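Take a look at the structure below.
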Amino acid sequence: MYAVTIVDGALEWREHPDPVPGTGEVLVRVRAAGLNSADRLQLKGFYPAPPGSPADIPGLELAGEVAALGPGAERFSVGERVMAVVGGGAQAELCVVHERHLLAV
5 MYAVTIVDGA
15 LEWREHPDPV
25 PGTGEVLVRV
35 RAAGLNSADR
45 LQLKGFYPAP
55 PGSPADIPGL
65 ELAGEVAALG
75 PGAERFSVGE
85 RVMAVVGGGA
95 QAELCVVHER
105 HLLAV
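Right, here's the structure in full:
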């Protein structure tokens, strides 16, 4: 997958390995991602990503559709449209989100 990536205080479009959903998680194909002041702060090194979130891929809000389900994920089906607020990593083609953090659109 490709993602907006923080490299030496600048943003680059870079290739990353596709994330894999774990237990209770959903892989979302991102169709829209927010851009806000927290992303600017992260770019400048003042807003570290929380544990478990990618430190180099900004983005706290996303909308898209379910691409795959991890083991035990049951609330959504592949192809359903969803949105979420995440700890980071939304400005990518794919993002893993725990199903309890997703809302149907």
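When the sequence shown is numbered by the working numbering, its final residue is 109 and no position is left out of the sequence of numbers.
We treat Cβ as the ideally placed atom computed from N, Cα and C, and that holds for glycine.
Note that the structure is a prediction, hence the values are computed from the model and not measured.
Exercise for review: Mind checking who G68 pairs with in its DSSP beta bridge?
Suggested key: V34 and V86
Check your understanding: By a C-beta neighbour count over all protein chains shown, 10 Å radius and 16 as the cutoff for buried, is V70 buried or exposed?
Key -> buried
Check your understanding: Quick one: Cα of A36 to Cα of C99, how far?
Key -> 12 Å
Review point. Starting from R44 and walking both ways along the alpha helix (DSSP H), at which residues does that stretch end?
Key: S41 to L47
Exercise for review: Would you identify the three-state DSSP class for E103, choosing helix, strand or coil?
Suggested key: helix
Point to revise | Buried versus exposed, by CB contacts within 10 Å (16 or more), G68 | key: buried
Exercise for review: Would you check if the distance between the CB atom of A77 and the CB atom of V30 is smaller than 7 Å?
Suggested key: yes
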